[in-house]
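Going line by line, the protein sequences match chains A, B and C.
So the first sequence is residues 970 to 1554, counted in the numbering used here.
So the second sequence is residues 16 to 152, counted in the numbering used here.
So the third sequence is residues 23 to 339, counted in the numbering used here.
We put the beta carbon where it would ideally sit given N, CA and C, even for glycine.
Scroll down for the structure; my scribbles are underneath it.
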Amino acid sequence: MTAAVEHTTVANELFARFGEPPFTLQSTADEIPTLWVGKEKAVEVLHYLKTGVAKPYRMLYDLTAVDERSRQRREGQPDSDFTLVYHLLSFDRNEDIRIKVPLKGDRPSAPTLTGVWESANWYEREVFDMFGVAFDGHPHLQRILMPRSWKGHPLRKEHPARATEMGIFELPEEKQNEEQALLQFNPEEYGMARQSDQTDFMFLNLGPQHPGTHGIIRIILQLHGEEIVDAVLDIGYHHRGAEKMAERQSWHTFIPYTDRVDYLGGVMNNLAYLLTVEKLAGIRVPERAQVIRVMLCEFFRLANHLLWLGTFGQDLGQMSPVFYTFIDRERVFDIVSAICGDRMHPNWFRIGGVAQDLPNGWDGLVREFVDSFPKRLNEYDSLVMKNRIIKARCIGIGCYTREEAVEWGVTGPGLRACGMEWDFRKKRPYSGYDRFDFDIPVGRNGDCYDRSVVRVEEMRQSVRIIKQCLDNMPPGDYKSDHPLATPPRKEKTMQDIETLITHFLSVTWGPVIPHGECFHGIEAVRGSNGYYLISDNDVSAYRARIRTPSFPHAQMIPYISRGHSVADLLAIIASVDYVLADIDR
Amino acid sequence: MSDYNLSLFYLLIYSTTVVILVAGMIILSYLLGGRHREPATGEPYESGILSTGSARLRFSAQFYVIAMFFVIFDLETVFLVSWAISVRETGWGGFAVILVFLAFLLSVLVYEWRIGAFDYAVSGREILKSIRKAKGI
Amino acid sequence: MTVMGLVVIAGVLAAVISCAAFLVWFERRLLAFFQERYGPNRVGPFGVFQVVADIIKLFFKEDWVPPFSDRAVFVIAPVFVVASVLMSFAVISFAPGICAADLDVGLLFFLAMSSLGVYSIVLGGWASNNKYSLLGALRGAAQMITYEVFMGISLMGVVIMADSFNLKKIVEAQEHLWFCVPQFLGFAIFFIAGVAEARRIPFDLPEAESELVAGYHSEFSSMKFGMFFLGEYLGVTLISSLIVVFFFGGWLGPAFLPPIAWFLIKTFFFIIVFILMRGSLPRPRYDQLMGYGWKVLLPLALLNLFVTGAVVLVWQN
Chain A
970 MTAAVEHTTV ANELFARFGE PPFTLQSTAD EIPTLWVGKE KAVEVLHYLK
1020 TGVAKPYRML YDLTAVDERS RQRREGQPDS DFTLVYHLLS FDRNEDIRIK
1070 VPLKGDRPSA PTLTGVWESA NWYEREVFDM FGVAFDGHPH LQRILMPRSW
1120 KGHPLRKEHP ARATEMGIFE LPEEKQNEEQ ALLQFNPEEY GMARQSDQTD
1170 FMFLNLGPQH PGTHGIIRII LQLHGEEIVD AVLDIGYHHR GAEKMAERQS
1220 WHTFIPYTDR VDYLGGVMNN LAYLLTVEKL AGIRVPERAQ VIRVMLCEFF
1270 RLANHLLWLG TFGQDLGQMS PVFYTFIDRE RVFDIVSAIC GDRMHPNWFR
1320 IGGVAQDLPN GWDGLVREFV DSFPKRLNEY DSLVMKNRII KARCIGIGCY
1370 TREEAVEWGV TGPGLRACGM EWDFRKKRPY SGYDRFDFDI PVGRNGDCYD
1420 RSVVRVEEMR QSVRIIKQCL DNMPPGDYKS DHPLATPPRK EKTMQDIETL
1470 ITHFLSVTWG PVIPHGECFH GIEAVRGSNG YYLISDNDVS AYRARIRTPS
1520 FPHAQMIPYI SRGHSVADLL AIIASVDYVL ADIDR
Chain B
16 MSDYNLSLFY LLIYSTTVVI LVAGMIILSY LLGGRHREPA TGEPYESGIL
66 STGSARLRFS AQFYVIAMFF VIFDLETVFL VSWAISVRET GWGGFAVILV
116 FLAFLLSVLV YEWRIGAFDY AVSGREILKS IRKAKGI
Chain C
23 MTVMGLVVIA GVLAAVISCA AFLVWFERRL LAFFQERYGP NRVGPFGVFQ
73 VVADIIKLFF KEDWVPPFSD RAVFVIAPVF VVASVLMSFA VISFAPGICA
123 ADLDVGLLFF LAMSSLGVYS IVLGGWASNN KYSLLGALRG AAQMITYEVF
173 MGISLMGVVI MADSFNLKKI VEAQEHLWFC VPQFLGFAIF FIAGVAEARR
223 IPFDLPEAES ELVAGYHSEF SSMKFGMFFL GEYLGVTLIS SLIVVFFFGG
273 WLGPAFLPPI AWFLIKTFFF IIVFILMRGS LPRPRYDQLM GYGWKVLLPL
323 ALLNLFVTGA VVLVWQN
């Protein structure tokens, strides 16, 4: 099976249905079939891909836009000022498809996709917020990440990227009051009633400053007694504009920013970004570097799931587990810092490999950990997951079916909890995961309990993978000697002027990644994290789209918490396991 | 003073001391504490956001039902208490009477149970069952 | 006689309050021990003076009465919580002769006082005029009045066996056999209801930090918050002492230790159980807690009462 064959397959299916003229084909570095189609036909085509084709593309994996106005290298692409990019995923085919919709004008608009996919709602709001593209027929087209008072649309090229370009920031009292007033919730805006004939509904702001929300997010609850009638999520408090920063950082200097996207995932973020860059640049990573990367990523999976397990207990009122799991998380970080020199955000992977070779004695540290940890994990398992109160609190709470999960764009443990055996490490092996022996834990009911059980089991599998890394660490280079790898190799720089100049440029400006487009997704700690990068043959990305798992997961929270109580909401939040920085970027 | 009055007298002294002690603590902290005034000082805490609607609202009837149960059962406890102290005096006759009384209580309990008055929310396991049923698993 | 009585009153109050204060430190240290960490260890030897530092801090914090609150009620609520628990200690016989007010209706007096405790939660939560407080107060009211019922009924078995409401007589009635054996069911129910009354984990729903921030006392600051805090630890001490009085023979024990020592040892044992529970159990949901009470504890308490009455009557004949 080659990509080209599949490519023609889906394209032919579309041609057969809609005829060839509306489409323009584009080739990309990631070999995902990419078709351009006009906005009049777009929704119809997407709807057909979701429901009409054999082995349909059930998941709206990502939806974003590109400001094309200052892009130089776009040979063969239809004329466009703003391009909408729809990224669909078919589980039956194990294939993606990218549909692009060109839009013209300064304030373009496009028909909404919310009637086709539930998950399109937030994605379209984000595109509106970031690019000013309006979606006709969208039920609630409001800013989502930026404050309502914001002027301009940040990801448009004319919007300043640095604070220094924007004048001094001031927050006098009047402005503060205005902002506060804008944050006040207005039920009518969402078509919510303030009272029923029997009772008044309580509108409760859970967050942004609340101990149970795991960060600054606001969940506005419409309560009848303690029962949640409806909920609205207000996100964006953690928005730092990571995608905008990618447009001004060099390919190399953007790596530390990725660490902070899912700040509990550490180097796992580096990997998603670098796999995309490497694919774009055509760099082959040496085997040793791949295994080192896998090992570190699994350590971060452990660190994340340990933190999750502790806070999961904490959210359900159990006080102790968080202290136990933090002790083990510290032990993970001891190893991580021994190898990388830093704990949570090691910023350790590099284009073409990793920053350094493994230190002497790393194997002793790792071995000691993998030998002692499983026993402790079993203890936590019986302390938390086997506790009867926890079971009573979690089983049957916050359920969603496999179909609902796919509809809402759920990936990772949340998807596996409803019985779908889908893990990108297995289905689309990257960084040599196909050479490792591990299982995909799956749940059955898709409730809070199964989501949690899956995570605990994933820790066991991570330990298995780490053990295999330890036993089979291949010799060789820790970094590729490809000329675009960073930092560039220094050995020959002192011997001829050409290499010296290349080295100098590569270090000061950073490498110039050849123009093109590429996406790569990985199985990150809480779902599928992927980077969609566009290079315009420059030292930094023309557009960097970060597809994070928490965004669609958070979007689903109101849907699965309706009818449950406030206490259940906490169980749901804990089991969905989002990270605010991962939602807002 | 009789023993009884004496212990009441002690109780009076004790309660006076308690009240003085507690009031003293409140007053002391009032005198010692700092004062400050900022823009948001006068607003109720609601995660840092201005409230929508007040906390004075008509509330779900569910909570009044609990209060009713309490009235029913706690008042009937009064009879149980008076029986408990006189079990030996009232003998089997008293026992029979209280048995009838208990039967009433239990029937009330069973009735309330049956009409679902104690099911304040659907349990997760029930939800799972109904989902499985709907999917035909 | 009177002087001795006054000394006892002063002694009981001083001992109870310092015990509650000590508990704050003790619990933090013990939890830290369970949780593989240090706990407070800076102020004084082993950090014992941490509490003193905390109390001084609380006194100097801003004593804030929210302008949007029901001011008078807001001030009274914390007074209620401490006063009602402290009053209950008046009737406890710590040892022969050590009892502030040896009332014949001691047990009823305790039940009455613990009912008053509900008010502090409801009034505090309502007066705060804060949504989180309101939810906490509603949970608290429902939980506490519900468990009030079982608590009363669970003690009736003890009353039948001792044939008295007087706490001293109840202890003396256990000379041959502690009531925890014949009244095991009563003990279990009383213990659970006691945890609910003291609003301790796993029954800390009215506070439920991760859900309701601090529940009914979200808006309280300074010593008013301190009162709720103190009330909780006084409550733990009270329930532990009462368990000892009703079911574990009070001050009774082998003669090599004075009676009061036995009382303290037993009480501390139960205090540690309380702390251990806090260190290990999660929090059930509100409806589960209520359902458990009405559907399990109430029938069991009634059964216990009925069986005890029958057995006592058979025994008598």
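Option nearest residue i by Cα separation, candidates the options
| i | options | result |
| --- | --- | --- |
| R222(C) | F242(C), F250(C), F187(C) and W200(C) | F250(C) |
| P1123(A) | W1086(A), D1199(A), R1043(A) and E1216(A) | E1216(A) |
| L344(C) | I39(C), T330(C), T168(C) and A149(C) | Missing from the structure shown is residue 344(C); chain C here goes from 23 to 339 and no further. |
| G1007(A) | L994(A), R1420(A), D999(A) and K1019(A) | L994(A) |
| I1066(A) | Y1017(A), E1148(A) and E1147(A) | Y1017(A) |
| E1009(A) | G1021(A), P991(A), R1131(A) and D1303(A) | P991(A) |
| T32(B) | F242(C), V46(C) and V30(C) | V30(C) |
| S302(C) | A36(C), F56(C) and I78(C) | F56(C) |
| S138(B) | I1364(A), L1275(A) and A980(A) | I1364(A) |
| Y141(C) | F242(C), V103(C) and A112(C) | V103(C) |
| L1243(A) | F1488(A), C1309(A), Q1287(A) and L1058(A) | F1488(A) |
| Y1349(A) | K1120(A), D1297(A), T1462(A) and H1107(A) | D1297(A) |
| V34(B) | V46(C), L45(C), E58(C) and L35(C) | L35(C) |
| E1376(A) | E1087(A), A980(A), R1038(A) and R1043(A) | E1087(A) |
| S1534(A) | L1190(A), P1080(A) and R1076(A) | L1190(A) |
| I100(B) | F292(C), F48(C), I78(C) and F187(C) | F187(C) |
| Q1578(A) | G48(B), L27(B), S62(B) and G131(B) | The structure shown does not extend to residue 1578(A), since chain A is modelled only from 970 to 1554, so the question has no answer here. |
Contact check, residue i vs residue j, beta carbons under 7 Å
| i | j | result |
| --- | --- | --- |
| V87(C) | G253(C) | no |
| P1177(A) | Y1206(A) | yes |
| Q1464(A) | W1091(A) | no |
| A159(C) | G147(C) | yes |
| A1454(A) | G1310(A) | no |
| A112(C) | A105(C) | no |
| I1308(A) | W1277(A) | no |
| A163(C) | V144(C) | yes |
| D1502(A) | A1493(A) | Correcting the residue type first, residue 1502(A) is Leu in the shown sequence and not Asp. No. Outside cutoff. |
Residues sharing a beta bridge with residue i, DSSP
| i | result |
| --- | --- |
| F1051(A) | D1036(A) and L1072(A) |
| N1498(A) | I1491(A) |
| A1103(A) | S1078(A) |
| A117(C) | I120(C) |
| S1059(A) | E1064(A) |
| V1006(A) | F992(A) |
| G1485(A) | S1504(A) |
| L1029(A) | L1057(A) |
| D10(C) | Not covered by the structure: residue 10(C). The range shown for chain C is 23 to 339. |
| D999(A) | Partner(s): none; D999(A) has no beta bridge. |
| K1396(A) | BP columns for K1396(A) are empty, so no partner. |
Residue i beta carbon near the ligand GDP (any heavy atom closer than 6 Å)
| i | result |
| --- | --- |
| L1243(A) | No copy of the ligand GDP appears in this structure; indeed no ligand is present at all. |
Listed in chain order, which residues of the region 138-167 of chain C have Cβ atoms closer than 7 Å to some Cβ of chain A?
K153 and L157
Against chain B, which members of the region 176-207 of chain C pass a CB distance test of less than 7 Å?
M178, V181, I182, D185 and F187
Pick out the complete alpha helix (DSSP H) segments inside the region 239-321 of chain C, 4 residues or longer, and give them in chain order.
244-269, 281-302 and 308-314
Output needed in chain order: residues of the region 128-144 of chain B with a Cβ under 8 Å from some Cβ in chain C.
W128, F133, D134, Y135, A136 and S138
Please give me, in chain order, every unbroken run of the alpha helix (DSSP H) with length at least 4 that falls completely inside the region 1283-1345 of chain A.
1290-1309
Start-end ranges of the beta strand (DSSP E) lying completely within the region 1174-1254 of chain A, minimum 3 residues:
1187-1193 and 1196-1203
Can you list, in chain order, the residues of the region 92-113 of chain B whose Cβ is nearer than 8 Å to any Cβ on chain C?
T92, L95, V96, W98, A99, I100, V102, R103, G106, W107, F110 and I113
Just to confirm the assignment: which complete alpha helix (DSSP H) runs, minimum length 4, are found wholly within the region 61-102 of chain C?
72-82
Minimum length 4: unbroken alpha helix (DSSP H) runs contained in the region 167-212 of chain C
189-194
Tell me which residues of the region 56-72 of chain B have at least one Cβ-Cβ distance to chain A shorter than 7 Å, keeping chain order.
E61, S62, G63, I64, L65, T67, G68 and L72
At a Cβ cut of 8 Å, what residues of the region 1291-1324 of chain A count as close to chain C, listed as they run along the chain?
F1292, Y1293 and I1296
To be precise: take each residue of the region 1357-1388 of chain A, compare its Cβ to all Cβ atoms of chain C, and keep it if any distance is under 7 Å. Which residues remain?
I1358, I1359, A1361 and R1362
If you measure beta-carbon to beta-carbon, which residues of the region 229-241 of chain C are closer than 8 Å to chain A?
A230, E231, S232, E233, L234 and V235
By the 7 Å beta-carbon criterion, what residues does the region 1270-1284 of chain A contribute toward chain B?
none
Against chain B, which members of the region 299-325 of chain C pass a CB distance test of less than 8 Å?
R307, Y308, D309, Q310, M312, G313, W316, K317, L320, P321 and L324
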